[in-house]
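Number of protein chains: 2
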Amino acid sequence: MNNPSTQCNECPQIHVHKPLTDACATCSLRTLCVPGGIPATDLAKLDNLVSMRKRIKRGEYVFRVGDDFNSLYAVRAGFFKTRITSTDGRDQITGFQVPGELLGFEGVATEQHGVDAIALEDSEVCILPYTDLERIAREFPPLQHQLHRIMSREIMREHNVMLLLGTMKAEERVAAFLLNLSERYRHLGYSSVEFVLRMTRQEIGSYLGLKLETVSRTFSKFHEQGLIEAQGKQIKLIDMGQLRQLINANKQVLS
Amino acid sequence: MNNPSTQCNECPQIHVHKPLTDACATCSLRTLCVPGGIPATDLAKLDNLVSMRKRIKRGEYVFRVGDDFNSLYAVRAGFFKTRITSTDGRDQITGFQVPGELLGFEGVATEQHGVDAIALEDSEVCILPYTDLERIAREFPPLQHQLHRIMSREIMREHNVMLLLGTMKAEERVAAFLLNLSERYRHLGYSSVEFVLRMTRQEIGSYLGLKLETVSRTFSKFHEQGLIEAQGKQIKLIDMGQLRQLINANKQVLS
DNA sequence: CGTAGCCTTGAGATGCATCAAGCATTGTGG
DNA sequence: CCACAATGCTTGATGCATCTCAAGGCTACG
């Protein structure tokens, strides 16, 4: 797995890839992804981290619940959702992933993937074989620590989603969602004010614990109040200050 | 930190501890905790993992949001909650921890703790200095992998809480909560049928995204229906099968 | 043994879900 | 390239689950 080949193991019939060398060292996302915080002079040590890259078309799966866990996947381009389904058929979207973020950590514990990972637009991922990753992390402490940071950050993110789902009203949830997306786009160097939603109202609702009608109504309400402009998936944030105040609505009441 | 001393660094005024040797190898929780899955013959390699132990009285904190992150804490005895507080004062309990479980992972990312960890009864934790842990994990792959498994399991657990908070009704949440506690007690070798709740209705509600009155009413309803017996914190599960069916309520509708 | 925190239950309010209908957008095959 | 089907979005009307407010009883801890 750690020797890049001209043949993609995971999709032999479809894609052919060139050997990857210096995948991370030459990647424009290097500061935002796994190599983040690792000195540029040491990036050569990550040379065998990425075995290959794979294109994922809109609607296709990177992996499904129950698939054997072999690798993590770093989003190189595009947009993904991860989804868990209960035994009785209820769906919950557990996250949306943008370039630089990792997919698949939930599979380490059971050696099977625990979520479906689905592309919301034509995308590309870097495949990081997990046994290689553990080996390189043992030999190279900064990578070890960075891996732990990434998992820890995911745990913190989920704590915040739990806070949102457990305590916030619909308006607060939608405002928090928009501001979070905005911040992540800013971080990637895109506009934090104007962007296109990659997901449907139904998917936003699934993530936020709301029905699609409630998401739609909330967008309309924000529009009327002059907080955003929303026509379909095109979003423009007009008054981010007030959106932030919405999330802290409780503070007003207490003071 | 990795040389056990007769003086506890973290609470010098209060507690004095004996040097710890073979803390994990001789611990009755060894199969359920960090050493889980590591061959007994190799447990000596974990000898320096636990720098010391610390008693935490009911209501006391192991750490608070914003505290410097230095160590993980393994629950050796007792019962804990972890709690996140939003900027405007809303609380969300993010988990309850029983013996064998770890506290503190959320602090790795920012080097500050991201939750409050509070004892719900008089308890004891093992202190695992984090730099030691990373070093030993590099030298001893089974520990490295076990650490990753534990973090991954926490991520999966939180996915399931998100599903609960995002899609389930009050009755379903409470049933899921009781069955989850039951299962964890069973795993520890305690009765899975009869147990004492360590937390208040308000804390259960905070974890489940419900108000305490709703939790109370749901307990009463289950009692009337003969699913449980509940008098205050003493709980007895009478019909676990039906509690399980409650969680899968959707399936009935679909079939 | 007293008191503060915890729990239960009721009545009424409300925020979101549900059901329904029509419109908009997107993608596809003729 | 257009037409139309499928999917996604908006908006309205209604219902219901849960919250809120309130009061009284219970428990347990100091």
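The listed protein sequences derive, respectively, from chains S and Z. Here our numbering runs 307 ahead of the position in the first sequence, where the first position is 1. Here our numbering runs 307 ahead of the position in the second sequence, where the first position is 1. Built from N, CA and C at the ideal position, the CB exists for glycine as well.
Taking CB distances under 9 angstroms as the criterion, tell me whether S:Phe412 reaches chain Z.
yes
Would you list the residues sitting across from Z:Thr392 in a DSSP beta bridge?
Z:Asp398
Determine, using beta carbons only, whether Z:His494 and S:Glu441 come nearer to each other than 9 angstroms.
no
Whose CA, out of Z:Ala426, Z:Ile425, Z:Leu410 and Z:Gly421, lies closest to the CA of Z:Leu435?
Z:Leu410
Is Z:Pro346 helix, strand or coil when you go by DSSP?
coil
Report yes if the CB atom of S:Asp485 is closer than 9 angstroms to the CB atom of S:Ile545, and no otherwise.
With the sequence shown as reference, residue 485 of chain S is identified as Leu, and Asp is not the correct amino acid for it. No, the Cβ-Cβ distance between S:Leu485 and S:Ile545 is not below 9 angstroms.
Can you find a C-beta in chain Z that's less than 9 angstroms from the C-beta of S:Leu485?
no
Report buried or exposed for S:Lys361, applying the criterion of at least 16 other Cβ atoms within 10 angstroms of its Cβ.
buried
Between S:Val500, S:Ala482, S:Gln541 and S:Phe502, which lies nearest to S:Gly512 when the distance is taken from Cα to Cα?
S:Ala482
Across the region 382-389 of chain S and the region 422-434 of chain Z, are there enough close Cβ pairs to call them in contact, namely three or more that are closer than 8 angstroms?
no
Just checking, does the region 450-466 of chain Z make contact with the region 399-417 of chain S on the three C-beta pairs under 8 angstroms criterion?
yes
Going by alpha carbons, who is nearest to S:Glu501 out of S:Thr474, S:Lys543, S:Gly421 and S:Gly366?
S:Lys543
Interface flag, Z:Gly421 vs chain S, CB-CB below 9 angstroms:
yes
Whose Cβ in chain S lies nearer than 8 angstroms to the Cβ of Z:Leu472?
Met469, Leu472, Gly473 and Gly516
Backbone secondary structure at Z:Pro436 - three-state DSSP:
strand
Any residues in the region 379-412 of chain S with a beta carbon nearer than 7 angstroms to a beta carbon of chain Z? Which ones, in chain order?
Ile391, Ser393, Thr394, Asp395, Gly396, Arg397, Gln399, Thr401 and Phe412
For the beta strand (DSSP E) containing S:Phe484, list its first residue and its last residue.
Per DSSP, S:Phe484 belongs to no beta strand (DSSP E); it is in the alpha helix (DSSP H), Ala477 to His494.
By the three-class DSSP mapping on this structure, what secondary structure does S:Tyr380 have?
strand
In the DSSP assignment, what are the bridge partners of Z:Asp423?
Z:Arg390
What span of residues does the alpha helix (DSSP H) with S:Phe529 cover, start to end?
Leu519 to Glu531
So, at 7 angstroms on beta carbons, what are the nonlocal neighbours of S:Glu408 in its own chain, with the 5 sequence-adjacent residues on each side left out?
Val382
In chain Z, which residues lie less than 7 angstroms from S:Asn555 when you measure between Cβ atoms?
Thr394 and Asp395
Can you tell me whether Z:Arg371 is buried or exposed, with buried defined as 16 or more other CB within 10 angstroms of its CB?
exposed
Nearest-angstrom Cβ-Cβ length linking Z:Ile462 and S:Ile391, presumed shorter than 8 angstroms:
In fact, because the Cβ distance is near 11 angstroms, the residues do not count as touching under 8 angstroms.
Between which two residues does the beta strand (DSSP E) carrying S:Met359 extend?
Met359 to Ile363
Taking beta-carbon pairs under 9 angstroms, can you tell me which members of the region 490-506 of chain S lie near chain Z?
none
Is S:Glu465 helix, strand or coil by DSSP?
helix
Cβ-based burial, Z:Gly539 [other Cβ within 10 Å; buried from 16]:
exposed
Could you check whether the Cβ of S:Arg445 sits closer than 9 angstroms to any Cβ belonging to chain Z?
yes
Please report the residue range of the alpha helix (DSSP H) in which Z:Glu510 lies.
Arg508 to Leu515
Apart from the five residues just before and just after Z:Glu413, which ones in its own chain have a Cβ nearer than 6 angstroms to its Cβ?
Gly421 and Val422
Counting contacts by CB-CB distance shorter than 9 angstroms, is Z:Val432 in contact with chain S?
no
Measuring only between beta-carbons, confirm whether S:Met458 sits less than 9 angstroms from chain Z.
yes
Collapsed DSSP secondary structure at Z:Ser499 in the structure displayed:
coil
Heavy atom of the ligand NAP within 8 angstroms of Z:Asp439 beta-carbon:
This structure lacks the ligand NAP, and indeed carries no ligand of any kind.
Residue interval of the alpha helix (DSSP H) (run including Z:Leu353):
Counting along the chain, Z:Leu353 falls outside any alpha helix (DSSP H), and DSSP gives it neither H nor E.
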